[in-house]
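Number of protein chains: 2
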Amino acid sequence: MSGPHKEITIYDIAEALSLSPATVSRGLKDHPAIRKDTRKRILDKAREMGYQQNMFASNLRRARTNTIGVIVPRLNSYFMSVVIAGMEKVANAAGYNLIISQSAESMKKEETNVRTLYNSRVDGLLVSVAYDSDSLSHFNLFLDKSIPLIFFDRVLDHPQCTSIVIDNYKAAYEVTTHLIRQGSTRIVHVTAQSKGAVYADRLRGYRQALRDNDLAFDESLVLAGNLSEQAGAEAARAILAMSPLPDGVFSANDSCAVSCLRALKQAGISIPGQIAVAGFNNDPVSKVVEPNLTTVNYPGEEMGELAASTLIRRLDRLEGASLNTIVLRHELVVRDSTLRKKP
Amino acid sequence: MSGPHKEITIYDIAEALSLSPATVSRGLKDHPAIRKDTRKRILDKAREMGYQQNMFASNLRRARTNTIGVIVPRLNSYFMSVVIAGMEKVANAAGYNLIISQSAESMKKEETNVRTLYNSRVDGLLVSVAYDSDSLSHFNLFLDKSIPLIFFDRVLDHPQCTSIVIDNYKAAYEVTTHLIRQGSTRIVHVTAQSKGAVYADRLRGYRQALRDNDLAFDESLVLAGNLSEQAGAEAARAILAMSPLPDGVFSANDSCAVSCLRALKQAGISIPGQIAVAGFNNDPVSKVVEPNLTTVNYPGEEMGELAASTLIRRLDRLEGASLNTIVLRHELVVRDSTLRKKP
DNA sequence: GAAGATAATGCAACCGATTGCATTTAATTA
DNA sequence: TAATTAAATGCAATCGGTTGCATTATCTTC
C-alpha cells in the first residue's frame, strides 16, 4: 500500500478539539498560558491521532534544527568510533541528532563538509581536523555567525572555540621518559606529517624528555608518515636499515606501532630486548599483539560525551563560550613491549 | 559579535535583479524554462551575495530532506565504523546527509530511534538490528508509508525491504568444514543469544557441516552469550571445564574469538595443537593475535556503500523495490590458529 | 455586582522555498 | 504586420508550526 496517507498536523488536532492551532502548538510544549486539562486533552488527542511533529516547519520558524554536525578525518578507526558513540549517546539523550561527515584527512573535503553542514543549518559543529588543516578560514561560515564550534582531539586554536584535548606534550614526555628509564637511548619517533598541534606537541614532549635525560635529538630518527599500518611497516624497514640499530620506538598511534612491531619481530628483532616499542591510543590491538604494547590510554568515549555536552550546554544558553580548553586525563599504560626491568 | 546577520534569501536575490522569487528559485536549479543568461545572472548574484539555501523551507515544501537515517546496534566496533564510512562516502557524494543512532542492542531503544528519525523526516532508513529484535512492528511507521527501509548485515525479512547480507550459512559451513578437515571433531560454537537470522544461519551452517561429516551435534557445545570480549573469556572458562576437552572453537565474531583464544593460551592450551580457533569478521585484531586467527572476511565498506547506493537509487526513483536480497561475497581466511596440516 | 486584574485562548502574520497556472515576452509563421 | 506558437517570467497559494498581540473567559476584590 502507499496512498497519500495524510499527515496529521496541529490543524487537524485543533479542529478535532475545536481549538486554535496556536493553542495546540502551545499545548504540545509546556507553555505556561495553557490550562492543565486543555493541555492534557491536546496531548491525548495528539497521541490518539498519531500526530508527529513536522520538524521543518518548526525549524523554519525557529531557525534551529536540534542537529549537531560532526566532522572527523576518518570514521573507520576504533578510537573515532568510540568517540562518536559517546557523542551520539549524549546528543540523543538531549534531543539532538548527529550528522556525521568525513574529511578523509583532506582540508579541501573538510571545507566542503563545513559548507554542507552549514546549509543543513546545524546548530553547532564538533570537529577533529584533518592532517593538513593549518588554518581556520574554512570555518568562517560558522565563526562569523558565532555558531558554536568545538574542536576535539585534533584541534585548532581560536578564542571563540572550546577545544577538548589531552596533554599530548606531557603524555609523549612520559612515554619517552619511560623508554629511557627502560634503557633506550636511541629512540625513533614515528609521527604524522601534520600541520596540527597534536603531533607537534607529542614531538615536543619526546624532544624535551630526551633533553632532560641528556640524550641528543637526532632529526633522522623522526619518521613522518601517515601513521597507517603501511606506514608502520615502512618505518620498520627504515629502522632496520639504520646503523647503529635504534633501541626504542615511540609511535604516535597504536595501529602504526603494532604493524611496526610485527615487522621488526618478523625480521628477527627481539621486542623489547633489542628494541622497545610504544604506541599511543590504547587501541584494542595493543592488548592483543605480542608482546602487549605499551601505550597511552585516554578516554575516547568521554571525550565524545564531553564535546557533545559542552556544545549542547552552550546551545541551550546554559553556558557561555568562556572555557577555552578542556584537558582530559590520560595515563601511560605500561605493557611488555617496553618492559625490560621488572620492578 | 553576534548581530542578526540577515540571511540572504531568494527574495533578496530577486530584488537585486528585479526578478521574481519564483524565477530565482528555478534559476538556482536547472529548470528548463529559464534563459541561460538569466540563470547565469542569478547564480552569479547568489554567489556574490553569499546565498545559502535554506533547507527547511525547501524540505517543508517538498516534503523531502535528503537525509538518510542509520540505526546500528553499536558504533564502537571496527566493522561497523567501516560500514558507516562506506555509507557516508556514497551518501555525501549524492548530496545526502547521514543521521546516525545506536540501539545499544536493545529493541526498545531501536524503537525510540525509529520514532526520532521518523520525526526528522529522513527519506529512508538503513538498519542493522539489535540482538533482541525479533519483529518488524516498530518499523511500521516507515513501512506503512512506504518509506524505503533497507537492512544490512543483521537483517529482518520483509517483502518491502531489501536486505544486504552475506551468506552466513555458507560461511559458517565453510569455517566448520575447515576445522573438521584440520582434524577437529568436538567443535564449540560461540554465538549470540539473538533472535535474528544471522546467528541462526551461522548455527545452521555449523550443524550442517557436522552432519555432512558424520559428527554428532552436541547442544552443550553451543555457548550463547553476547559475543563481547568478556563473553570470550567466559567461553574459554567453560571450555576448560569440559571433559573431554573440545578440539575446536568457532566463534561468531573475532573480538570474542580473540579473547577466548588468549584465555585458552594463558591456561596452557596450545593453539591450534590442542584447540583450533576460528572467528568471523576479519577484524584487525585477527591479524595481530598469535597465532593469527582464521576468520571470515567480508567487505564492510562495500556493504555500507551498497546499502546507501541502493537506498538512494530508490529515493531518486531510478529503481523500484524489486530486489529483495543482495548477497555479498565472503571468503574464508585461513590463518595459523587452525592450521595443523600444512598443505 | 461592577471594576480591575489575571489566566486562557485565538488571530494572523511570518519563516523561505516551491509550483500550478496565468501572464508577458520573444520567436515563428502566414 | 498580424496571428500563432513557444519561451520566459511572475503571481499567489502552499507547506506546518510559531509567536506578538488582541481578545475573551475567569477570578479577585471592594
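Protein sequence lines, in the order shown, are assigned to chains R and Y. Per the UniProt record's numbering, the first sequence starts with residue 1, numbered consecutively. Per the UniProt record's numbering, the second sequence starts with residue 1, numbered consecutively. Virtual Cβ for every residue (Gly too), placed ideally from N, Cα, C.
Give me, in chain order, the residues of the same chain whose beta-carbon lies closer than 8 angstroms to that of residue i; leave out the 5 immediate sequence neighbours on both sides.
i	result
M87 of chain Y	I68, V70, L98, L126, G304, E305, A307 and A308
Taking C-beta to C-beta, are residue i and residue j nearer than 8 angstroms?
i	j	result
F250 of chain Y	I187 of chain Y	yes
residue 351 of chain Y	V288 of chain R	Examination of residue 351 of chain Y is not possible in this model, given that chain Y is present from 1 through 343 alone.
R202 of chain Y	N168 of chain Y	yes
L332 of chain R	P299 of chain R	no
N76 of chain Y	A85 of chain R	yes
F56 of chain Y	N59 of chain R	yes
A224 of chain R	T176 of chain R	no
A231 of chain R	L264 of chain R	no
P73 of chain Y	S101 of chain Y	no
residue 345 of chain Y	Q52 of chain R	Chain Y is shown from 1 up to 343; residue 345 of chain Y falls before or after that span and cannot be answered.
H330 of chain R	N297 of chain R	yes
Nearest chain R C-beta to residue i closer than 8 angstroms, yes or no?
i	result
M80 of chain Y	yes
A57 of chain Y	yes
I99 of chain Y	yes
Y118 of chain Y	yes
residue 344 of chain Y	For residue 344 of chain Y there is no data in the structure shown, the boundaries of chain Y being 1 and 343.
E234 of chain Y	no
Q102 of chain Y	yes
N281 of chain Y	no
V258 of chain Y	yes
E88 of chain Y	yes
Within its chain, find whatever has a CB closer than 7 angstroms to the CB of residue i; leave out the 5 residues flanking it on each side and keep chain order.
i	result
S2 of chain Y	Low per-residue confidence applies at S2 of chain Y: pLDDT is 28, beneath 50, and the placement is therefore not dependable, though the value from the model is reported in the following sentence. Closer than 7 angstroms at the Cβ level, and outside the excluded window around S2 of chain Y, lies no residue.
P246 of chain Y	R186, I187, V188, L221, I239 and I275
residue 356 of chain R	Nothing can be reported for residue 356 of chain R: it is not among the residues displayed for chain R, which extend from 1 to 343.
D12 of chain R	M49
A209 of chain R	Y173, T176, T177 and I180
S20 of chain R	A14
So that I know if they touch, is there some Cβ in chain Y lying closer than 8 angstroms to that of residue i?
i	result
I84 of chain R	yes
R121 of chain R	yes
P284 of chain R	yes
R154 of chain R	no
S77 of chain R	yes
L60 of chain R	yes
T23 of chain R	no
E290 of chain R	yes
Q53 of chain R	yes
V333 of chain R	no
V127 of chain R	no
V249 of chain R	no
E219 of chain R	no
Taking all protein chains shown into account, do 16 or more other C-beta atoms lie within 10 angstroms of the C-beta of residue i, making it buried, or fewer, making it exposed?
i	result
H31 of chain R	exposed
P272 of chain R	buried
A267 of chain Y	exposed
S270 of chain Y	exposed
D123 of chain Y	buried
N282 of chain Y	buried
P4 of chain Y	Confidence in P4 of chain Y is poor, its pLDDT being 31 and thus under 50, which makes the residue's placement too unreliable to answer from.
residue 369 of chain R	Any property of residue 369 of chain R remains undetermined from this structure, which presents chain R solely from 1 to 343.
Q193 of chain R	exposed
G95 of chain R	exposed
R314 of chain R	buried
T310 of chain R	buried
L323 of chain Y	exposed
If you drop the 5 nearest sequence neighbours on each side, which residues of the same chain put their C-beta closer than 6 angstroms to that of residue i?
i	result
E229 of chain R	S255 and S259
R154 of chain R	S128, V129, G196 and V198
T294 of chain Y	A278, V334, R335, S337 and T338
I34 of chain R	R26 and G27
I42 of chain Y	V24 and G27
G183 of chain Y	R340
Check whether the Cβ of residue i sits closer than 7 angstroms to any heavy atom of the ligand ATP, and report yes or no.
i	result
N54 of chain Y	For the ligand ATP, the structure offers nothing, since it holds no ligand at all.
> What beta strand (DSSP E) runs, 3 residues minimum, are completely inside the segment 14-73 of chain Y?
Replying inline: 67-72
> Mind pulling the alpha helix (DSSP H) runs of 4 or more residues that sit fully within the segment 148-208 of chain R?
Replying inline: 168-181
>> What ranges does the beta strand (DSSP E) occupy inside the segment 273-308 of chain Y, keeping only unbroken runs of at least 3 residues that lie completely in it?
In response: 276-278 and 295-297
> At which residue ranges does the segment 235-273 of chain R contain complete beta strand (DSSP E) runs of 3 or more residues, listed in the order of the chain?
Replying inline: Those beta strand (DSSP E) runs which fall completely within the segment 235-273 of chain R and span 3+ residues are 248-251.
> For the segment 74-128 of chain R, which segments carrying the beta strand (DSSP E) assignment without a break, of at least 3 residues, lie completely within its bounds, in sequence order?
Replying inline: 97-102 and 124-127
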